[in-house]
Structures are given as structure tokens and as C-alpha cells.
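Note that this note's numbering has the sequence shown beginning at 5, numbered continuously upward.
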Amino acid sequence: MAVLKDEGAAALLDQRHILDADVEAVISNAESTGEKLYDPGSGRFLAKLTTENATFYVEYSASGDDFVVHTAYFHRSQFMDG
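Structure (C-alpha cells):
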């Protein structure tokens, strides 16, 4: 699986401190589990993956055997006992 980004998406991910490994994990999880949303108007998918302390969201499309990332974002969360 190759994950491709145009210059704009690459700059955005860099600015948001989102690693390629995080993006690849989200897409891999979405493709293996089917847990993703599809927008037929744009042909894009939206997927998320929650790790120990953050949730990542990636908007991407399929291009043959590759995936093209259009945007991504994340938020950190920490749950504390009350």
C-alpha cells in the first residue's frame, strides 16, 4: 500500500505534526475493517483511529492500489479517574 500526498496535504500534515505512520495506520485499519465513511460526491473516504491518547482522522481516496491523502487532523484526549 502506497500513501501519496500532494504538496498541500504534505505541508498541512507537517504543520499539524501528523506522522506518515499515523496516516498509514488509519488507512490500513479502515481498509481492513471497513470502518470508514464514503462520500459518493467526492469519491473520498473519511476514517478515524483512536490510539492511547489521540484520535486521528484522515480524508483520502483510492487510486488503483494506492491511496491519496487529502487532509488529516487529530485531537488528543486523556481520561482521568474521577
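Beta carbons: idealized from backbone N, C-alpha and C, even for Gly.
Owing to the predicted nature of the structure, the values given are computational and were not obtained by experimental measurement.
Look up residue i in the DSSP assignment and say whether it is helix, strand or coil.
i	result
E63	strand
D26	helix
T55	coil
D18	helix
Report yes if the CB atom of residue i is closer than 7 Å to the CB atom of residue j, and no otherwise.
i	j	result
T54	H79	no
Measure the alpha-carbon distance for residue i versus residue j and round it to whole angstroms.
i	j	result
S32	S81	22 Å
D70	M84	39 Å
N57	A29	15 Å
A34	A13	19 Å
L16	P44	24 Å
A25	S46	25 Å
A6	V73	10 Å
E11	T37	29 Å
Y61	L8	16 Å
E63	T75	5 Å
* Asked: Between the stretch 37–54 and the stretch 7–25, do three or more beta carbon pairs fall short of 8 Å?
  -> no
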